[in-house]
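The working numbering applies: residue 673 is where the sequence shown begins, and numbers increase by one. Beneath this line is the structure, given in structure tokens, with notes to follow.
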Amino acid sequence: MSYSKGKHFPVSRRSLTVQIDPYSSSRATPGGITLRTGLIVGNWKMNKTASDAAIFIRALSERLHGLSSHVELVVAPPFTALHAVRTALDASSPLQLGAQDMFWEDQGAYTGEVSAPMLVDLGCRYVILGHSERRTLFGEQSDGIRKKIRAALKHGLRPILCIGESLKQRESGTTDDVLTQQLKESLPGFTAEALDGITVAYEPIWAIGTGKSATVEQAVAAHQTIRRVMATTISPAIADSTRILYGGSVTPQNIASLLASNHVDGALIGGACLQVDSFATIASVASAARSIGV
Ligand code: PEP
């Protein structure tokens, strides 16, 4: 069976026996092939109290026990549940902690906001930035998203930058232009070195929470555009190593076909991450899809 990671490098699946380091998003093999570690992120949005979250995490960790570490698994609860989730995670849980947003300043008179150092202190490793709900419901603009990316990277948080087109934009044939513009507006002024560790989530707005996922072909085409734009505007190496997730009505039923493409490095999941069974099933399908050399 042919298996390729990175660009244009078909390799034998059996010829690669690679220990995945969960704390490194990619690595080069002796053959010069970039292997991107799979990443599954559950965005809880405004769901679950701290008490509910603790119960949920214990049940989920039990279901994930023994899962091989071919993918990174991240949960992004509301701010109010971060501490409870961290406390409920035992040392053997494969789950990592992420946040759904943050402000770009470290501290100060910014009522209602939380900062990168606060999230790091709570054990967060990832932060979702520029989610379409933040853009459309709360008026977030690319300029602010860029400042948040900068602050997250400065404090060692890994940003997950969300971009995606509306239905109107897709139907008018401007998807590529929209993705290009969102990337160019969010990522200027960064060195390639600084952006090492960023993740991009392609989330077509029309697919979020609608039950209507993008087709594999639509997702792959968008991911190729994102990688191409990153190669020309940042660097080919960063384009090659950056993980690009698909998000929008991912379910236990469609995750395998999405991850069968080497262009899709993982998924950002909303609704389906709220039940133990569906998130655990997605995690285990993703782990099997990303197991290499077995
Ligand atoms: C999301 O909000 O990021 C998302 C992908 O939601 P859902 O999976 O429910 O479509």
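Built from N, CA and C at the ideal position, the CB exists for glycine as well.
- Nearest C-alpha to W716 among T709, A725, G710: A725.
- By the neighbour-count criterion, in which 16 or more other beta carbons inside 10 Å mark a residue as buried, T783 falls on the exposed side.
- Non-local C-beta neighbours of R806 in its own chain, meaning closer than 7 Å and more than five positions away in sequence, comprise D773, E812, ordered along the chain.
- Classified as buried, K720 has 16 or more neighbouring CB atoms from the shown chains inside 10 Å of its CB.
- Taking every protein chain shown into account, the CB of K820 has 16 or more other CB atoms within 10 angstroms, so this residue is buried.
- Rounded to whole angstroms, the separation of the alpha carbons of A823 and E777 is 7 Å.
- Of the candidates S733, D848, G802, the residue whose Cα lies closest to the Cα of A952 is S733.
- In the pairwise beta carbon analysis, the segment 763-770 is classified as touching the segment 791-803: at least three pairs are separated by under 8 Å.
- Taken from the Cβ of I870, every heavy atom of the ligand PEP lies 6 Å or farther away.
- In this structure the segment 907-924 touches the segment 888-898; the number of beta carbon pairs closer than 8 Å is three or more.
- Distance from the Cα of F728 is smallest, within the candidate group Q853, R962, I712, L946, for L946.
- Runs of the beta strand (DSSP E) lying entirely within the segment 807-883, each at least 3 residues long, are 830-835, 871-874 in chain order.
- Rounded to whole angstroms, the gap between the alpha carbons of A960 and G938 is 12 Å.
- The beta carbon of V747 sits closer than 6 Å to the beta carbons of G714, L767 from its chain, once the five residues preceding and following it are set aside; these are given in chain order.
- Distance from the Cα of R735 is smallest, within the candidate group D949, L851, A932, T914, for D949.
- For E734, the enclosing alpha helix (DSSP H) begins and ends at 722-736.
- Contact between the segment 753-760 and the segment 785-795 is present: three or more C-beta pairs spanning the two stretches fall below 8 Å.
- Nearest Cα to K884 within the set I817, R730, G943: G943.
- C796 is bridged by DSSP to L769.
- For A763, there is no enclosing beta strand (DSSP E), as DSSP marks it with neither H nor E.
- Going by DSSP, A952 is part of the alpha helix (DSSP H) stretching over 948-962.
- Per DSSP, reduced to three states, the secondary structure at A939 is strand.
- Under the 10 Å beta carbon count, S913 is surrounded by 16 or more other beta carbons and is classified as buried.
- Taking C-beta atoms as the reference points, V872 and L833 count as a pair closer than 7 Å.
- Burial state of L931 is buried, judged by a 10 Å Cβ sphere holding 16 or more other Cβ atoms.
- Here the alpha carbons of R899 and F810 stand approximately 28 Å from one another.
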